[in-house]
Amino acid sequence: PSHGSVSGLSGFEAAEVAEAASCLAEDLCSSEDDGFEDLVHEDNCVLVSGDESPLLAARLGGSTSGGAATDATDGPSIHLTVKSSAGDTLELLVAPTITGAELKRKVAASWEIPPSCQSLMVGAWVMGESDSLCVFCRPGATASTALVLISLDIVLQDLRKDQTLNKRVNALAVLGRLNNRGNDQAVAAVCDCLCDTEEDVRHQALRALHSLAAPGDTRAVTVVCSQLVRAEPAHRVTAIRVLCNVADVGCERALVALCARLEDISVDVRREAVQALGKIATKGDECNVRRICVRLQHMEAYARLAALDALRKVALRGDEYAIRCVSSRLEDPVADVRWSAVDALGEVAERGDERAIVAVCARLENAEGDVRIAAAHALGHVTQRGDPTALRVVKAYLGHPYFYVR
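Under the working numbering, the letters of the sequence shown match residues 73 to 478, in that order.
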């Protein structure tokens, strides 16, 4: 810890290594059962000696393969327990001569952490690419433990705009697989990539942000909202999905952006916006209900349909303003909007609402089959069980000359 730096690691990671080494030193010095008797710092070396312990020496900041550690005898195999900083554990049976590079590839195969992002520690020492595991073990050891620290430095360098397109895209894919949520440095770098001129980079950056940004990250929310006006519909769909992941419930910026997408020309974008509003909007929030109801007057039928779908998810039963706005679309010139309005009325009106019951019953003889089916479905939602008025209406229609009404 007194050395202050560890080769190949950033300042933050070196501090983690130093802290781990310090804690290990305290544990070793205070342990009587493990047989450790001394911990001596000499010329930036750590020397540990004891009757049952290995004699280890490693220069902090240098490789241990150049004679800094004592010789170790190769054994048939070593049971290696690999631990991650997130608490995951990987059990491996490896040869004592396995190198750091080979061990990183094994970790990458199991945890999908690219070797370039890994820093391996055995005890308090960093294992170099060419170092053999046996160098860090006592002669004849059959078990050992290693810690994997994630280093983003190399990956983040590949995100620079002077790098090739493939390098930037691959680096973003790596960050997405790491699932290192809440890493401010990584989130900032990925957010910058959303302004890239290349569509592939922007799309991959969104996917990475889905795994990296913590819920409530205001910078991520702001940047993702800006992506909702991009030209590519698939990109807007992905941005909405990411927004669901990073925005808190009730986030005003996200809700305003999503309500605007109810008017999107793409049906996939509108559908995603409706689903997202159901997750982010607070049920019954008056501002959100009014934002959505405004879209019921939109000149395009698809926007009116999306608004009706959103009201089902956001408005509370009995909301008078929502009921009035939905009722205004019962005679919409577009048949799809009419049946959707009937169906929505069944979900926003309270049971026993006489105006809603009358409005729904009047649509049971509508010329449009979808409207009639929606009315029959809605009637079951707006009436109380045993309601005499509803029963009388339904019984009358059971004798209707047209089978589809019956």
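In this text, a Cβ means the ideal position worked out from N, Cα and C, and glycines have one as well.
Minimum C-alpha distance to residue i - residue among the options
i	options	result
T455	R427, R274, C365	R427
V398	T354, R325, E344, I364	I364
E440	M199, V465, A167, V409	V409
A280	D381, P305, R313, K155	R313
L470	A448, D459, A416	A448
A243	E324, H370, Q229	Q229
D425	V406, Y374, D459	D459
K351	E372, G322, S338	G322
C253	N317, R240, S283	With the sequence shown as reference, residue 253 is identified as Arg, and Cys is not the correct amino acid for it. Answer by Cα proximity: S283.
E437	F475, A196, R343	F475
R43	I222, G200, G195, E201	In the structure as shown, the chain begins at 73 and stops at 478. Residue 43 is therefore absent and cannot be evaluated.
D272	E304, V259, A261, V296	E304
I226	P148, R240, D381	R240
R423	L152, I445, I395	I395
L221	L388, V198, K385, A413	V198
A286	C263, T269, N255	N255
H472	A407, R444, I337	R444
L383	C331, V432, A462	C331
L368	R401, D415, I150	R401
Coil, strand or helix - residue i by DSSP
i	result
L152	strand
A196	coil
S400	coil
I337	coil
V432	helix
Q235	coil
V166	strand
T38	Because the chain in this structure spans residues 73 to 478, residue 38 falls outside the shown range and cannot be described.
T455	coil
E124	Confidence at E124 is low in this model, with a pLDDT of 33, below 50, so its placement is unreliable and no value can be given for it.
D256	helix
R274	helix
G441	helix
H282	helix
F475	coil
C209	coil
G248	helix
G424	coil
L390	Rather than Leu, the amino acid found at residue 390 in this sequence is Gly. The answer is coil: DSSP assigns G390 none of H, G, I, E or B.
G288	coil
E184	coil
D264	helix
Exposure of residue i, with buried meaning 16 or more beta-carbon neighbours within 10 Å
i	result
S182	exposed
R478	exposed
K467	exposed
C189	buried
T214	exposed
S79	Since pLDDT at S79 reaches only 43, below the 50 mark, its modelled position is unreliable, and the value read off the structure follows with that caveat. S79 should be labelled exposed.
C359	exposed
G248	buried
N31	Residue 31 is absent from the model: the chain starts at 73 and stops at 478.
L278	buried
V293	buried
F208	buried
T310	buried
P168	buried
K233	exposed
I185	buried
G172	buried
D381	buried
L451	buried
R457	exposed
D340	exposed
Q276	buried
V296	buried
The beta strand (DSSP E) enclosing residue i, as first and last residue numbers
i	result
E201	From DSSP, E201 is part of no beta strand (DSSP E); its letter is neither H nor E.
L330	Per DSSP, L330 belongs to no beta strand (DSSP E); it is in the alpha helix (DSSP H), 324-332.
Residue interval of the alpha helix (DSSP H) (run including residue i)
i	result
T461	460-470
C216	Per the sequence presented here, residue 216 reads as Ser, with Cys not at that position. Note, S216: premise wrong, no alpha helix (DSSP H); beta strand (DSSP E) at 215-222.
Y374	373-386
K355	Per DSSP, K355 belongs to no alpha helix (DSSP H) and is neither H nor E.
L417	407-420
L300	Segment: none, L300 is in no alpha helix (DSSP H) and carries neither H nor E.
Those residues which DSSP pairs with residue i across a bridge
i	result
T161	K155
Q190	I222
T171	S204
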